[in-house]
Each structure stands twice: as structure tokens, then as C-alpha cells.
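Enquirer:
Numbering (my numbering), first residue to last: 5 to 438.
So this is what it looks like as C-alpha cells:
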């Protein structure tokens, strides 16, 4: 008889029993550590190049996520037509190229804020296709009953890498002072080392994607690209279990989920933190998110925690707004991460298990649209409300963002699903002309 700890471990990591998924999961973990080092270094670089401007940080975030807002609907139609391996190889090579340019220009001291914005835009365009393609391939390597666990483990990988990558940023940037900046701790060349390490991490995931045995997919009839997009939109519109989850995710992404703006601004401006503390505060959020993903992975029906995660996220954001010091902010940010991941794993699992396979690329692109595509307007809203130049200031501005999220949750509370539906079962048949 299995001990309680062994039973928990077996249940929590059940999707890793499947060898192809396991190879992919470990390669993503390594690559994402590099990506999170780069993301944290890029945020710090933007603040240095702009004189600590939250607006500049917001605009770079807009450039990074605007392509998801503009292209996600068409990206889904492409993913349902083109082999996923081909899509992923192109997107990963594009991301490798942008990381290389950022590394070299930062090392040489010729990096500029417009260049960072341009590279963020190119990387964002690749991610508009990469994210839904990776989410869609979960079902390619595991049976249906392990899908919720795989979604949780993907989130775990994302947040283990966030925690390690952001914590390593401070260490790597310090090494960069000696290795690349000739001992000058104010030289931006020190920030090139995280970018170089990220370049190296891409080669592992490229090899795994190139060698994974992607299963053949059943061909689905296709009309024009616009007809494919319309079919995906109609499905979501007439499937309440998917529609209401996406509405909640979109509303919270627009308001309170913009921690890629909130954390660096609070760390650098509100708490006056340098690289080490900045990285550790970011890592605290990742530790909480990792705990949330583990908690969800151990649950047979993580959907039950959809509302709980949203409540924890909103309340902990309010608590962050009144936290006086960086030291006390660390556990509060961990609570924010725990709540956000509990919410997002539940939401992603609900959508993945409801949609039919021939619509998977389009519907997951719509999910990416509401999660990531709301990043640009959300970043502008967040950076405006929490700016020290705005009338509310950083603390009351964060309270206002949390209040907007609370209003959305209250409006959708009774309409959110409590159990998983069979693929297509929850859909109401769309009228022929609508």
C-alpha cells in the first residue's frame, strides 16, 4: 500500500509517466528558466534606459503583447491547418534570434529603448503563435484523464522556471559586472549575460521539438481563414462553460493580473530595490505560483478552485498595496502568485477538456487572446494607475485595479462552471447564419 506521500507524488506528477510529454516538459523547464532570466533583465534594462519610468515599462509590455491582441484569432486558424511541429520550430527560431540581438547590443552598449520595443514586438508576434500551439499539443502526448494534471504541470514548469530565472537574474547580473562590464556595476553591459544564457537554452527545446513523434491529426474540413476564425468564435459564443471562463480571465488580465508591470515598479520605485532584491521579490511571486500549480496538480477536479484562486488573488493584491517594506512584500507576492495560478490552471483545464480537437487551435488562441492579448491595454491601465505621477499613486492605484477585478468576479460568480464537460457537450448549436 502506498504511503500518503507516495500517493500524493503519484497523483501530482501523473502526466510525467508518459515519456514523450516528459521529454517536452523537461526541455521547456530549461528553456523557460532562460526566458525568465531574460524577461527580468529586460524589465530592469527598460527602467535603466528610461530613468525609472513606469510608462516606458508599460509601453514595452504593450509592444510584447500587442501581437497576441491582433493576431491570436488568425493564429488559431493557422495552428489548426499547419503541423504544430512546424509552427513551434519557426516560433522558437524567431525567439532565439531576438534574444541574440538583445544580448549583443546590450553587451556592446548600443541598445536603445526603441530597439528593445522593436525586439519585444517581434518576440510577441512569435509568441502569438507559439503559446496556443504549445497549449494545443498537451493532448497530443497524454490521455484525456491526465489533461488537467498536464495543464497544472505546465504551469508548474512555467513558475519553477520563473522562480529560478528571476532569482538567478541577480546572481547572473552580478557575474556580468566582472565578465562583461569591466567591473562597472552601472554599465548596462552587465545585463547582457542573462540574454546570452537564454540564447543557449533555446537549442535544447529546438532539438526536442524536432525529434518528438507528433501524432497524425484527423484532418478537419476547412473553408477560408475567415470562416475558420468565425467557427471558433461561434463555438465560444454558444458554449457557456468556455465563454464565462474566458470572460473572467479577460477581465482579470485587463485589471489585476499585470504583475509584469506591478512587480518591477513596486520593487524598483516603491521599495527602492536594487538587482538582488528586485530579483528575489519577483521570485517570491514565482514561489507562490509554483505552490498554486502543485496544489492544483494534486486535485482530481481543479475546477473547484476557480473562484477560490480569484478571491485569493484579489485580496492579496490589496494587501500588497498597504505593505510598507520589501521584506514584508515577499510573502504577500507569494500569495498573489498562488491565487493567480490556482485561477489560471482551473480556467485552462476547463477550456482544454471542453473543446473538440478540430477546434483546439482556434479556441486556445482565443484563450490566449483574453489572457495575453489583454496585456497591452492592461499594461497601460496598470502603469497609469500605479504611477507615482498619477493622482492615486502606486498604492491606491493598485487598490483600484483590485476593485475592478472584484467587480468582474462578482458579475460572473454564479455563471462559472463547477464540473468539467465532455468535449462539445456544453455547446449550444449555433444558428446557421449567426
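For glycine and all other residues, C-beta sits at the position ideal for the given N, C-alpha and C. In this text, all values refer to a predicted model and were calculated from it rather than measured experimentally.
For the segment 261 to 268 against the segment 32 to 51, are there 3 or more C-beta pairs whose distance is under 8 Å?
Expert: yes
Enquirer: Using a Cβ-Cβ distance cut-off of 9 Å, determine whether residue 133 contacts chain D.
Expert: Reference to chain D is not applicable here, since this structure consists of a single protein chain.
Enquirer: Which residue spans inside the segment 49 to 127 form an unbroken alpha helix (DSSP H) run of at least 4?
Expert: 58 to 85, 88 to 112
Enquirer: Alpha carbon to alpha carbon, what distance is there between residue 186 and residue 317?
Expert: 43 Å
Enquirer: For residue 352, which residues of its own chain have a beta-carbon under 6 Å away from its beta-carbon, when the five flanking residues on both sides are left out?
Expert: Excluding residues within five positions, the ones whose Cβ falls inside 6 Å are 155.
Enquirer: Is it buried or exposed, residue 417, if we count other Cβ atoms within 10 angstroms and call 16 or more buried?
Expert: exposed
Enquirer: Is the beta carbon of residue 98 sitting closer than 9 Å to the one on residue 59?
Expert: Judged by their CB atoms, residue 98 and residue 59 are not nearer to each other than the 9 Å cut-off.
Enquirer: Hey, which unbroken runs of the alpha helix (DSSP H) at 4 residues or more fall wholly within the segment 126 to 204?
Expert: Listed in chain order, they are 151 to 183.
Enquirer: Can you give the beta carbon distance from residue 40 to residue 166, rounded, assuming they're within the 8 Å contact cut?
Expert: 5 Å
Enquirer: Does DSSP put residue 432 in a helix, a strand or coil?
Expert: Its pLDDT being 42, under 50, residue 432 is placed unreliably by the model, and the measurement read from it follows with that caveat. Three-state result, residue 432: coil.
Enquirer: Exposed or buried, what is residue 331 when buried is set at 16 or more other beta-carbons lying within 10 Å of its beta-carbon?
Expert: exposed
Enquirer: Could you tell me which of 93, 392, 107, 37 sits nearest to residue 274, measuring between CA atoms?
Expert: 392
Enquirer: Specify, as a first and last residue, the run of the alpha helix (DSSP H) that residue 318 falls within.
Expert: Looking at the DSSP string, the run of the alpha helix (DSSP H) that includes residue 318 is 310 to 325.
Enquirer: Residue range of the alpha helix (DSSP H) that residue 335 falls in?
Expert: 330 to 358
Enquirer: Would you kindly check if the distance between the Cβ of residue 420 and the Cβ of residue 208 is under 9 Å?
Expert: no
Enquirer: Evaluate the contact criterion for the segment 370 to 379 versus the segment 249 to 262: three or more CB pairs, one atom per stretch, below 8 Å.
Expert: yes
Enquirer: Could you please give the first and the last residue of the uninterrupted alpha helix (DSSP H) stretch that includes residue 267?
Expert: 263 to 269
Enquirer: For residue 387, which of 139, 128, 259 has the nearest alpha-carbon?
Expert: 259
Enquirer: Counting beta carbon pairs with one atom in the segment 21 to 40 and one in the segment 139 to 158, are three or more of them shorter than 8 Å?
Expert: With the cut-off at 8 Å, the segment 139 to 158 and the segment 21 to 40 touch.
Enquirer: Once DSSP output is grouped into helix, strand and coil, what is the label at residue 286?
Expert: helix
Enquirer: Quick one: residues in its chain with C-beta nearer than 8 Å to the C-beta of residue 472, no 5 flanking neighbours on either side, listed in chain order?
Expert: Shown here, the chain extends from 5 to 438; a query on residue 472 therefore has no answer.
Enquirer: Are the segment 157 to 164 and the segment 281 to 297 touching, with three or more C-beta to C-beta distances below 8 Å?
Expert: yes
Enquirer: Taking only three categories from DSSP, how would you classify residue 21?
Expert: helix
Enquirer: Does residue 229 come out as helix, strand or coil in the three-state DSSP assignment?
Expert: helix
Enquirer: On the CB-based measure, 16 or more other CB atoms within 10 Å of its CB, does residue 278 come out buried or exposed?
Expert: exposed
Enquirer: Three or more C-beta pairs under 8 Å: does that hold for the segment 354 to 374 against the segment 83 to 97?
Expert: Contact annotation: the segment 354 to 374 touches the segment 83 to 97, with at least three C-beta pairs closer than 8 Å.
Enquirer: At which residues does the alpha helix (DSSP H) containing residue 246 begin and terminate?
Expert: 244 to 259
Enquirer: Given that a residue counts as buried once 16 or more other Cβ atoms are within 10 Å of its Cβ, and exposed if not, what is residue 177?
Expert: buried
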